[in-house]
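Single-structure report; data block below.
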């Protein structure tokens with residue numbers, strides 16, 4: 001798995017589309033949702049394909065109101081550790097034109113983020129989706145129509161074909177509800193809420209990573225924080241058996257419904273617009289992750 005070079009931007013860097021495929025995850029502050037999604041994506045791709053075969057895939061993230069140079073939130077790092085992913089060395093970034101220009105696939109936390117990316121221009125419309133929107137479209141694509149990742153071009157060519165196929169389906173497979181394509185902001189929330197968002201992101205990523213790699217995720221109840229309190233071995237309060245492998249992205253037959261919105265006195269981030277500074281915010285508050 002290739003990381004962005006120093007997480008910085010080279011002003012005159014040549015793009016080599018034939019050799020790489022760049023995935024950009026976007027949220028608000030680049031300290032909660034997009035770091036979780038970035039690191040889970042890297043972890044899952046490497047776990048399924050190994051380091052050598054994922055060298056052409058670059059996964060990074062940025063925020064529309066990015067906390068430049070800030071570490072990810074501590075709870076976000078905990079969620080990644082729960083999944084066996086590595087939170088180390090992360091620094092937040094402000095979303096720049098250069099990020100959008102060089103991205104082959106942009107996955108956003110919400111529809112508002114998607115709209116902001118597309119409004120930046122650079123012909124981003126056909127390669128920008130919310131994460132959950134892309135998941136829905138990918139599920140409808142026959143993997144047999146995609147290039148074999150074992151053949152010439154490998155996962156890079158397969159990834160390009162996947163984005164084109166998903167873009168062609170847009171408009172045919174609409175979200176069942178307005179909320180269906182949103183990953184809500186956990187900024188300032190307790191760890192339990194962060195973990196529910198981590199599980200939500202994890203479930204959305206699974207079919208995406210499967211489509212990109214052609215390799216389904218091994219199923220293990222020991223991987224990821226969703227096992228907590230569900231009676232799985234090793235869940236809180238349940239007997240722990242022998243340690244199993246950490247698998248990163250894991251699916252379940254009965255994923256729980258997202259938690260209901262609750263009004264909580266979570267703090268607004270520094271510099272938030274007055275309209276967003278409220279002593280009580282709900283799950284749909286657009287904060288800084």
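Residue numbers (full-length UniProt numbering): 1 to 289.
Note that the Cβ used here is the ideal one computed from N, Cα and C, for glycine as well.
The structure displayed is predicted, hence computed values, not measured ones.
For the 8 Å CB-CB criterion, residue 194 and residue 76 form a contact. Looking at the DSSP output, residue 93 sits in no beta bridge, so it has no partner there. The three-state reading of DSSP puts residue 201 in helix, counting H, G and I together. By the Cβ-count criterion, residue 164 is exposed, with fewer than 16 other Cβ atoms from all chains shown falling within 10 Å of its own Cβ.
Going by C-alpha positions, residue 84 is about 12 Å away from residue 198. Contact between the stretch 149-163 and the stretch 178-195 is absent: fewer than three C-beta pairs spanning the two stretches fall below 8 Å. Sequence-distant partners of residue 213 (beyond 5 residues in either direction) whose C-beta falls short of 7 Å from its own C-beta, in its chain, are 45, 48, 49, 149, 155. In this structure the stretch 108-119 lies against the stretch 25-43, because at least three pairs of beta carbons, one per stretch, are closer than 8 Å.
Per the coordinates, the alpha-carbon of residue 62 lies some 20 Å from the alpha-carbon of residue 78.
Considering only 172, 95, 32, the residue with the shortest C-alpha distance to residue 190 is 32. Burial of residue 92 is indicated by the presence of at least 16 other C-beta atoms within 10 angstroms of its C-beta. A residue is called buried when at least 16 other Cβ atoms come within 10 angstroms of its Cβ; residue 135 meets this threshold and is buried.
Note on residue 96: under 16 other CB atoms within 10 angstroms of its CB, so exposed under the neighbour-count rule.
Every beta strand (DSSP E) of 3 residues or more that sits fully in the stretch 87-174 is shown, in chain order, as 105-108, 128-130.
In the structure shown, residue 60 adopts extended strand secondary structure according to DSSP, grouped into three states. Distance from the Cα of residue 141 is smallest, within the candidate group 176, 167, 126, 130, for 167.
In terms of Cβ geometry, residue 86 and residue 53 do not form a close pair [threshold 8 Å]. Excluding residues up to 5 positions away in sequence, 182 lie with their Cβ nearer than 6 Å to the Cβ of residue 110 in the same chain. Apart from the 5 residues on each side of it in sequence, residue 201 sits with its Cβ closer than 8 Å to the Cβ of 33, 36, 37, 40, 131, 183 in its chain, given in chain order.
Residue 106 is not a Cβ neighbour of residue 88, given a cutoff of 8 Å. Judged by beta-carbon spacing, residue 56 lies beyond the 8 Å limit of residue 90, meaning their Cβ atoms are not closer than that value. Apart from sequence neighbours up to five positions away, the residues of its chain that approach residue 210 with a beta-carbon distance below 7 Å are 216, 217, ordered along the chain.
Just so you know, the alpha carbons of residue 99 and residue 81 end up roughly 27 Å apart. Short of 7 Å from the beta carbon of residue 66, and not among the five residues preceding or following it, lie these beta carbons of its own chain, in chain order: 29, 30, 92, 93, 94, 95.
Assigned with DSSP and collapsed to three states, residue 26 falls in strand.
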